[in-house]
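Structure first, then comments.
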Amino acid sequence: MIEYIQNNYSEILTDLGQHIWLALVPVVLGVIFALPVGYLAVRRGWLYQPIVNLGGVLYSIPSLALFLIMPAILGTGTLSPLNIVVSLAVYTFALLTRTVADALLSVQGQATQAAEAMGFRPFRQLLQVELPMALPVMLAGVRVATVANISLVSVGALIGVGGLGALFTRGLQLGFMEPIIVGIVLSVLLAAVCDIAIVLLQRRLTPWDRVATR
Amino acid sequence: MITFDAVTKAFPGGTVAVDNLSIELPTGQITVFVGPSGCGKTTSLRMINRLIEPTSGTISIDGEDVTKQDAAVLRRKIGYVIQHAGLFPHRTVQDNIATVPLLNGVNKKQARENAVELLGRVGLDASMATRYPAQLSGGQQQRVGVARALAADPPVMLMDEPFSAVDPIVRDGLQKEFLRLQAEVGKTIAFVTHDIDEAIKLGDTVAVFREGGHLAQVGTPQELLDDPADDFVADFVGRDRGFRGLSFVTAEGLEVEPVQTYVDGVRGVRLLLDDAGRPRGWTVNGSDDVRAITGTFTKQDSLRLVTDLAISSPAGVAVRVDGDGVADGAATHASIADHLADARRESAG
Ligand SMILES: Nc1ncnc2c1ncn2[C@@H]1O[C@H](COP(=O)(O)OP(=O)(O)O)[C@@H](O)[C@H]1O
Ligand SMILES: [Mg+2]
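Protein sequences appear in the order of chains D and S. Final position of the first sequence in this note's numbering is 223; the numbers increase by one with none missing. Final position of the second sequence in this note's numbering is 523; the numbers increase by one with none missing.
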């Protein structure tokens, strides 16, 4: 085992590096798109249901199928990492639009009413009142999406781009257990580290939330 | 002055919450909107800062139609306090208070200094400044809500049942401090409540609303108690309005008996004084048990307090004290009744 790691050290690191950005770039993209669309679903009430339904449909597409049809949609090559990035961004978006919309709805109440009455204009109110108050719920959604992405990247190995997933296919082809174990351990560790990082970020950003639940 | 001129609000769906309301709220005074739930008080209040737009009629502040002004700019000149304070949970107390100054472009450091100063004025310790609202009691949150509404020194304040959600003892304290604060700042205040006691206690003018946003009567608290316009008002003001009316008569000129009479004892009840002559309590039938004195009054206090003290003391008298707390007389039921009769004759003639 140790011997395997020593011999394939740089390859494993490359796989891990690829895994990280294949999983995390889509989180960032998904958030960027989910925020305005989620907000729209709240501002224009009649759009809420269609948007939530669309998210549900997108999320139910099997990942492998999405990876396979992406080249046809994007005009990319089959081996392009873009296929994975865009697919996972779609999942993140699908998951987070509803989270963003529900989080923004859940903070409507005394405080937002007071904000309006004190003379906030809508955009500033969104930035300074609604978004901060909705942050705990939204970050919980980001945690789920991040961990889901980290596990989904490996599926990409079936179409040739899959970060740590490459270790699984290699192990299967060569009949070795070692790469498979290394792949599993690293991908679980990565998920745990990202999860903890988001929790720490949340603590920094929302000190008031801990006070409230104590 | 805030002027409602024939203001009507019909909500989509047909509810007429406010029907042809005309009323003036004098500058620098507290005008209370009181009435049963659902009679259009909140709707009327929220039309002043344009959270709700009237269906017809105009509302103006110092002659300027509110609907002609930019809503956000207008609102920054109008303090707003609501039932559960509506503080921002994600902002510290000082940043909550600094909200409107920050919207107005005051720099953060100055806005915060100002906020800490305001904390003192609403009776909170400066150490609260860096806490979050979740770390405060309901009464403390309400004080912060008042401080936040005052922060930009707006000429007008709207208060919607600000003290209704706190328990009666805390409410009493908040009301007293509110009156003390208002004596300093002299804002033009529209105050909504469903509690007639609160209305009478706080209002310079009280507007009694009835179902459908109709005004049943507008007047001073005393006018409402002495001369209700109709059965609805009489009923709403309540059966004990005679007792409430005692709030408006002071003990100035009230006949008292010498303290010594009660120190010597009347029907077995004796008043105990300390060495300085301040009342300590009562003893009954020579027992060693001292019943603590429930309270004393001065010439400035209301006849309502004097009556309450007289009823609740074992000797049936209320003890009057001078500025140093030294007992200087005792008021009996008979002298209270005489004083009240005199006051009535005076106000009638
Ligand atoms: N946004 C609204 N849409 C429809 N009806 C409303 C709305 N707000 C208030 N109402 C109705 O208007 C009437 C007056 O309400 P409100 O002003 O809140 O009364 P109050 O503050 O005196 O209890 C009630 O019948 C209430 O149901
Ligand atoms: Mg109301």
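All C-beta atoms, glycine included, are put in the ideal place defined by N, C-alpha and C.
Buried versus exposed, by CB contacts within 10 Å (16 or more), D269 (chain S): buried
With a threshold of 8 Å, are at least 3 pairs of Cβ atoms found where one atom belongs to the region 487-503 of chain S and the other to the region 429-448 of chain S? yes
Going by beta-carbon coordinates alone, are A93 (chain D) and V170 (chain D) separated by less than 9 Å? The sequence given here has Ile at residue 93 (chain D), not Ala. Closer than 9 Å, so yes.
Between which two residues does the beta strand (DSSP E) holding M331 (chain S) run? V330 to D334
Check whether the Cβ of K375 (chain S) sits closer than 8 Å to any heavy atom of ligand 2, and report yes or no. no
Would you mind telling me which residues of chain D sit closer than 7 Å to V223 (chain S), beta carbon to beta carbon, in chain order? Residue identity differs from the one stated: residue 223 (chain S) is Asn in this sequence, not Val. Near N223 (chain S) (Cβ distances below 7 Å), the residues of chain D are A126.
Beta carbon of K215 (chain S): closer than 8 Å to some heavy atom of ligand 2? yes
Is any beta-carbon of chain S found at less than 9 Å from that of D218 (chain D)? yes
9 Å Cβ cutoff, T273 (chain S) in contact with chain D: yes
Which same chain residues, not among the five before or five after R223 (chain D), have their C-beta less than 6 Å away from its C-beta? A caution first: R223 (chain D) carries a pLDDT of 49, below 50, which makes its placement in the model too unreliable to give a value.
From the DSSP output, which residues share a beta bridge with G412 (chain S)? According to DSSP, which records beta bridges pairwise, G412 (chain S) is partnered with nothing at all.
Any heavy atom of ligand 3 inside 8 Å of the beta-carbon of D369 (chain S)? Inclusion of ligand 3 in the displayed structure is not the case, the ligand content consisting of ligand 1 and ligand 2 alone.
Any beta-carbon of chain S closer than 9 Å to the one on V151 (chain D)? no
For L420 (chain S), I'd like the list of residues in its chain whose CB is within less than 7 Å of its CB, leaving aside the five on either flank, ordered along the chain. S476, L477, R478 and T481
Ignoring anything shorter than 4 residues, give me the alpha helix (DSSP H) runs that lie fully in the region 71-104 of chain D, in order along the chain. 72-83
Taking only runs that begin and end inside the region 340-395 of chain S, name each unbroken beta strand (DSSP E) of 3 or more residues, in chain order. 362-367, 379-384 and 388-393
Can we say the region 163-180 of chain D touches the region 134-144 of chain D, given the rule of at least three CB pairs closer than 8 Å? no
T182 (chain S) by DSSP, collapsed to three states: which one? strand
Opposing strand residues paired with V458 (chain S) [DSSP bridges]: S:V443
Quick one: which chain S residues come within Cβ less than 8 Å of M142 (chain D)? F262, P263 and H264
Roughly how many angstroms separate the alpha carbons of Y18 (chain D) and I193 (chain D), rounded to a whole number? 16 Å
Just how far apart, CA to CA, sit A450 (chain S) and T470 (chain S)? 15 Å
Who are the Cβ neighbours of L144 (chain D) in its own chain at under 7 Å, not counting the five residues just before and after it? L214 and T215
Quick test of your reading: Q122 (chain D) and G260 (chain S), contact by CB under 8 Å. State the CB separation rounded to the nearest angstrom. 6 Å
Simplified DSSP state of L199 (chain S), which is helix, strand or coil: strand
By the criterion of Cβ-Cβ separation under 9 Å, what are the contact partners of V247 (chain S) in chain D? G128
Following the continuous alpha helix (DSSP H) through I205 (chain D), name the residue where it begins and the one where it ends. E187 to L214
Hey, which unbroken runs of the alpha helix (DSSP H) at 4 residues or more fall wholly within the region 486-519 of chain S? none
What are the boundary residues of the alpha helix (DSSP H) that includes T216 (chain S)? K215 to I222
Decide if the region 104-118 of chain D is in contact with the region 34-52 of chain D; the criterion is three or more beta carbon pairs, one per stretch, under 8 Å apart. yes
Could you check which residue in D:I60, D:T87 and D:A124 has the C-alpha nearest to that of G253 (chain S)? D:A124
Beta carbon proximity, R286 (chain S) to chain D, threshold 9 Å: no
Please give the ranges of any beta strand (DSSP E) in the region 242-286 of chain S, keeping only runs that are unbroken, at least 3 residues long and fully inside the region. 252-255
I want to check one thing, is the minimum distance from the CB of V382 (chain S) to the heavy atoms of ligand 2 below 8 Å? no
Is A325 (chain S) helix, strand or coil when you go by DSSP? coil
Compare the C-beta of A123 (chain D) against all C-beta atoms of chain S and say whether one is closer than 9 Å. yes
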